[in-house]
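With this note's numbering as the guide, the letters of the sequence shown map in order to residues -10 to 91. First comes the structure, then the notes that go with it.
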Amino acid sequence: MGEFDLAYWLFEPKVWIILGIVLIIADVFLGYTFFVLPIGVAALLIAGLIFAQGKLWFGDTVIFETWHDVGLWFAVLSVVSIGLLKMLARRWIKDQPDINEY
-10 MGEFDLAYWL
0 FEPKVWIILG
10 IVLIIADVFL
20 GYTFFVLPIG
30 VAALLIAGLI
40 FAQGKLWFGD
50 TVIFETWHDV
60 GLWFAVLSVV
70 SIGLLKMLAR
80 RWIKDQPDIN
90 EY
């Protein structure tokens, strides 16, 4: 694999950690919009899964064979984290009193 090969960089957990941290920091500076926070969380999860696969924590099970698998898992984890964050936000908002009730 070449030095600038996309598949090489997608299988590096450090790249996903950097992407996740940058997205989470960007969300903080956007001001509680939670726009890119779930995507940053998904990037950190992908970093953990790639690291675990490299250390053979899953045994002989291979989760990521190609860069397509990494992209698919990233997309799925992004959607799942968006759904979970939305569910938690609704639960938190429901517990807060409405300022418009007099």
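We put the CB at the ideal spot given by N, CA and C, even for glycine.
DSSP places residue 9 inside the alpha helix (DSSP H), whose first and last residues are 2 to 19. Residue 35 is positioned such that its CB atom lies no closer than 8 angstroms to that of residue 61.
Taking residue 33 as the centre and dropping the five residues before and after it, the same chain places the C-beta of 9 closer than 6 angstroms to its C-beta, in chain order. Separation of residue 26 and residue 74 (C-alpha to C-alpha, rounded to the nearest whole angstrom) is 9 angstroms. Per DSSP, residue -1 is one residue of the alpha helix (DSSP H) stretching across -5 to -1. Assigned with DSSP and collapsed to three states, residue 52 falls in coil, not helix or strand. If you compare the alpha carbons of 79, 30 and 39 with that of residue 2, the shortest gap goes to 39.
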